[in-house]
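Structure record follows, encoded as structure tokens.
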Amino acid sequence: MTARHPSLAGRLFSGDNARTAGAMVLDVLVIALAYAAALMLRFDAEVPHRNLEFVLRVFPLLALVYITANVVFGVYRTVWTYGSLGDILNLFMPVLISTALIFGVNFWVKERDLPLSVILIAGELIFPGMAFVKMRGRLLTRLPRAAVASQRLLIIGAGHTGQALARQLQNSPGLNYQPIGYLDDDPRKQNRRMHGLRVFGPVSELELRISEHAVGAVAIAIPRASGPVIRSIVGICQSNAVPVRIVPGVERWISSGHTNDALREVTLDDLLGREPVEVDYMACSQSVKDRVVLVTGAAGSIGSELSRQVATFEPLELHLLDNNESGLFDLAAELRSVSHQTTIKLWPANIADGRKIEDVFNQVRPHLVYHAAAYKHVPMLESNPDEAFRANVLGTLNVASAARKFQTGTFVLISTDKAVRPTSIMGATKRIAELLVLALSRHSERTRFVAVRFGNVMGSRGSAPLTFLKQIERGGPVTITHPDMMRYFISIPEAVSLVIQAGTFGGRGNIYMLDMGQEINMLELAERMIRLRGLRPGDDIEVIFTGTRPGEKLREELVADFEMVEPTEHPKVMRLNASAEVSEAEILRLIAEVETVLRQDPEELRRRIHLVARKYSNNAEGVPAGEMEADPAGEPAST
Numbered sequence: 009m010t011a012r013h014p015s016l017a018g019r020l021f022s023g024d025n026a027r028t029a030g031a032m033v034l035d036v037l038v039i040a041l042a043y044a045a046a047l048m049l050r051f052d053a054e055v056p057h058r059n060l061e062f063v064l065r066v067f068p069l070l071a072l073v074y075i076t077a078n079v080v081f082g083v084y085r086t087v088w089t090y091g092s093l094g095d096i097l098n099l100f101m102p103v104l105i106s107t108a109l110i111f112g113v114n115f116w117v118k119e120r121d122l123p124l125s126v127i128l129i130a131g132e133l134i135f136p137g138m139a140f141v142k143m144r145g146r147l148l149t150r151l152p153r154a155a156v157a158s159q160r161l162l163i164i165g166a167g168h169t170g171q172a173l174a175r176q177l178q179n180s181p182g183l184n185y186q187p188i189g190y191l192d193d194d195p196r197k198q199n200r201r202m203h204g205l206r207v208f209g210p211v212s213e214l215e216l217r218i219s220e221h222a223v224g225a226v227a228i229a230i231p232r233a234s235g236p237v238i239r240s241i242v243g244i245c246q247s248n249a250v251p252v253r254i255v256p257g258v259e260r261w262i263s264s265g266h267t268n269d270a271l272r273e274v275t276l277d278d279l280l281g282r283e284p285v286e287v288d289y290m291a292c293s294q295s296v297k298d299r300v301v302l303v304t305g306a307a308g309s310i311g312s313e314l315s316r317q318v319a320t321f322e323p324l325e326l327h328l329l330d331n332n333e334s335g336l337f338d339l340a341a342e343l344r345s346v347s348h349q350t351t352i353k354l355w356p357a358n359i360a361d362g363r364k365i366e367d368v369f370n371q372v373r374p375h376l377v378y379h380a381a382a383y384k385h386v387p388m389l390e391s392n393p394d395e396a397f398r399a400n401v402l403g404t405l406n407v408a409s410a411a412r413k414f415q416t417g418t419f420v421l422i423s424t425d426k427a428v429r430p431t432s433i434m435g436a437t438k439r440i441a442e443l444l445v446l447a448l449s450r451h452s453e454r455t456r457f458v459a460v461r462f463g464n465v466m467g468s469r470g471s472a473p474l475t476f477l478k479q480i481e482r483g484g485p486v487t488i489t490h491p492d493m494m495r496y497f498i499s500i501p502e503a504v505s506l507v508i509q510a511g512t513f514g515g516r517g518n519i520y521m522l523d524m525g526q527e528i529n530m531l532e533l534a535e536r537m538i539r540l541r542g543l544r545p546g547d548d549i550e551v552i553f554t555g556t557r558p559g560e561k562l563r564e565e566l567v568a569d570f571e572m573v574e575p576t577e578h579p580k581v582m583r584l585n586a587s588a589e590v591s592e593a594e595i596l597r598l599i600a601e602v603e604t605v606l607r608q609d610p611e612e613l614r615r616r617i618h619l620v621a622r623k624y625s626n627n628a629e630g631v632p633a634g635e636m637e638a639d640p641a642g643e644p645a646s647t
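Written as structure tokens, this is what we have:
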């Protein structure tokens, strides 16, 4: 097949060339009209035939001078839809130089049929004429759009982000937002105008300005606004039935290439207001790049995000292990589409199968292991303590033992705040897993064992916020166990970033705790989520209390009484210094004792699990198992 090449005409009048040619034609028309008007003004509308004939004869030359100057100054390379004052000044220079050149040449002509005054008048008309033609698109968008049902938008924040949003909306009438002004706490900006919009006053005047200016929507344009600030703004807007939008960040929406990305709905993450985490990229990269990494529980919420973030550091091999075959397959397909330098291998396996785990380690020989595989749902595990023990304790023992046997460099256990003074089977089994890691590290020369503890993660499968969202979408009711229920929350990406960071720290046998921020009342959280959908708690969506579930605490704890909190290299990661010494032989003996009743009475199994967990969970030295029958807080040891 013979390749077809576009004709010369096709190349000249396609794409940018066609647009440039069109702009030149418009400029020639402006020059013609300017000289016609200049002649009319100079001769009081009675232009002598001799002068008119001369101008018509030399007009192609006049136009060529102006067009050439525009080309030299790059006027036709400017995207005038987004033109600025600097672009207008750039247009002024070629017009000035062209006018001066024509004036100078004509000045030395003895018998001139083109008066010098005509040249000057024409030059004065050409500049605004060309500027209008080029900026007409932008100017027209600034005109009142009575025919378009645009919402009157008040912008919170008159800084770089707020001004960029105003410009974007003024140039994009299709978004149906009409910015009317700003609110900003900086007194230097108040009562001034930016991009034609007034800064009315501080943010505290929001309710007043909503009423005073018939505001139809509010946009939060404050980079890294704190949770309390966002919650306050959202609360005022909701009480006035005004929708709220938020700017995701100038860089993010510009890089997306979509104008519609300039505003989005306020999310639960915005309300929580956790600042973006910055980690030591070099340290994380050095610990992962060109290494062999194994992630257990890779198809889960934490494990899958761990896999994604680890892949960005380009490990030599990334091994994904989980008993969820479909989840593994989907995750691998996602990672392979973006991680072309890393070999990705899948291991559909159960961590409770010790022989299989040892076989995997024998083949993989990982340098770094992230152990995220675990059962986590508190009520379900209360009813199934045997499965909780198999997965969270015996599974951890299998993976950790294999890591030590095959001399893995670093083993990172993902733990939970429910391991602190545990009242649930889930928390107790995770506490035993922590103790196991501490014990194994004491007799491990090659493998560095650490655990990272954090609270609830936003968006994980089965998490309360996700459950609330589904209940709201179904029309309610939203179910909460207790009006005083408090929880800590962290986003999945933030938690994973800090887990990877903690894995880079020196030392062994450490438990690290992530900064979880402020406690959140679950009732308030549910009500905020309902209001974010424009609904009213109690009226549109019913909220009911179901009572606390077995093993559930009203308030979670991040640190036990006997654990000392120490700073680390990262401000959001703390090291817990527990003086209790955990013997490997002792913890293995206790685990073996629990295992003897694994298939017997569930009540006895629960009791023994709690006794092992609490042996090192209430004081520095630990207490004999038989003496720890009840929780110090007065809550039952088991249910």
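The sequence shown begins at 9 in our numbering and counts up by one. In this text, a Cβ means the ideal position worked out from N, Cα and C, and glycines have one as well. Just so it is clear, the structure is predicted and the values come from calculations on it, not from any experiment.
Asked, Found
"For S106, the nearest candidate out of L122, G131, I96, D121 (CA to CA)", "G131"
"Exposed unless 16 or more other CB atoms sit within 10 angstroms - verdict on L47", "buried"
"W355, buried or exposed, once every other Cβ within 10 Å from all chains shown has been counted against 16", "buried"
"Spatially closest choice to F457 from G112, R544, G517, Q246, by CA coordinates", "G517"
"When H490, S234, L522, L124 are compared against F553, the one with the closest alpha-carbon", "H490"
"Residues sharing a beta bridge with K297, DSSP", "Paired residue(s): none; K297 is not in a bridge."
"Beta-carbon proximity list for I218, same chain, < 8 Å, skipping 5 on both sides", "L162, V226, I244, C245, N248, V250"
"Beta-carbon contacts of A534 that lie in its chain and below 7 Å, excluding the five residues immediately before and after", "F476, V486, I488, V551"
"Cutoff 6 Å; reference V428; Cβ partners in own chain excluding five residues on either side", "E565, A568"
"F337 versus T320, L72, S315, residue with shortest Cα-Cα distance", "S315"
"Own chain residues within Cβ distance below 6 Å of L598, not counting five before or after", "V620"
"Sequence ranges, beta strand (DSSP E) only - wholly within the segment 337-399, length at least 3", "351-356, 376-379"
"Contacts around E6, its chain only, beta-carbon distance under 6 Å, and the 5 residues preceding and following it disregarded", "Any property of residue 6 remains undetermined from this structure, which presents the chain solely from 9 to 647."
"Span of the alpha helix (DSSP H) around V504", "500-510"
"Three-state class that DSSP yields for T28 in the structure shown", "helix"
"Span separating the alpha-carbon of A166 from that of P195", "11 Å"
"R461 versus I519 - alpha carbon distance", "7 Å"
"Residue(s) in a DSSP beta bridge with Y190", "I163, V207"
"Between the CA atoms of I500 and T404 - distance to the nearest angstrom", "22 Å"
"Proximity below 8 Å, CB of V300 to CB of L324", "yes"
"Candidates A459, R544, E442: closest to L402 by CA position", "E442"
"Straight-line Cα distance separating L389 from R614", "10 Å"
"Candidates V55, M101, F419, of which the one nearest E453 by Cα", "F419"
"C-beta atoms of N400 and T437 nearer than 8 Å", "yes"
"Contact check, Y43 vs V126, beta carbons under 8 Å", "yes"
"Residues sharing a beta bridge with V551, DSSP", "V486"
"Cutoff 8 Å; reference T556; Cβ partners in own chain excluding five residues on either side", "T489, H490, M493, L562"
"H348, buried or exposed, once every other Cβ within 10 Å from all chains shown has been counted against 16", "exposed"
"Cα-Cα separation, R19 to A26", "Confidence at R19 is low in this model, with a pLDDT of 42, below 50, so its placement is unreliable and the value that follows should be read with caution. Computed Cα separation, rounded: 9 Å."
"Nonlocal neighbours in the same chain, by C-beta distance under 8 Å from R607, ignoring five residues either side", "D394"
"Reduced DSSP category for R196 - H, G, I as helix; E, B as strand; rest coil", "coil"
"Given S158 as reference, the closest of Q171, L216, L177, T169 once Cα atoms are compared", "L177"
"Where the alpha helix (DSSP H) through S449 begins and ends", "433-449"
"Separation of I352 from A340, as counted between CA atoms", "7 Å"
"Presumed contact (8 Å Cβ cut-off) between S312 and V465, rounded CB distance", "At roughly 12 Å, the Cβ-Cβ gap does not stay under 8 Å, so S312 and V465 are not in contact."
"Nonlocal neighbours in the same chain, by C-beta distance under 7 Å from D121, ignoring five residues either side", "R58, N59, F62"
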